[in-house]
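So the structure is just underneath, and the comments pick up after that.
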Amino acid sequence: YLVQQQGLAAPAGALAGGVWKALVCTGAGLALAAPCYAAYNYLVARVNSIVLDMEKSSTEILSVLTSPPESEARK
Numbered sequence: 008y009l010v011q012q013q014g015l016a017a018p019a020g021a022l023a024g025g026v027w028k029a030l031v032c033t034g035a036g037l038a039l040a041a042p043c044y045a046a047y048n049y050l051v052a053r054v055n056s057i058v059l060d061m062e063k064s065s066t067e068i069l070s071v072l073t074s075p076p077e078s079e080a081r082k
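Quick note on numbering: the sequence shown equals residues 8 to 82 in the working numbering.
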């Protein structure tokens with residue numbers, strides 16, 4: 008908007024305020040994004056661990072259900 012009013016020869020000092028505000032917002036966004044990304048990765052690892060435990064349990068249950076009874080195994 009400032010460049011439209013003053014033409015292409017707008018003073019650098021007038022534009023510096025907008026650049027400073029953009030840099031502050033970018034820094035704040037990065038400061039917030041880093042812990043959120045770490046928390047996301049922690050939760051994904053936890054979900055994967057729970058899924059692995061469930062798969063192990065289901066494998067054990069299926070092996071018990073599909074194994075022959077002990078009376079038939081002794082014959």
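Built from N, CA and C at the ideal position, the CB exists for glycine as well.
Out of curiosity, what's the CA-to-CA distance linking residue i and residue j?
i: Met61; j: Gly36; result: 37 Å
i: Leu69; j: Leu30; result: 58 Å
i: Leu39; j: Asn48; result: 15 Å
i: Pro18; j: Ser56; result: 58 Å
i: Ser74; j: Thr66; result: 12 Å
i: Val54; j: Pro42; result: 18 Å
i: Cys32; j: Leu59; result: 40 Å
What did DSSP end up calling residue i once you bin it into helix, strand or coil?
i: Pro42; result: helix
i: Ser56; result: helix
i: Ser93; result: A query on residue 93 cannot be resolved here, the shown segment of the chain reaching from 8 to 82 and no further.
i: Ser74; result: coil
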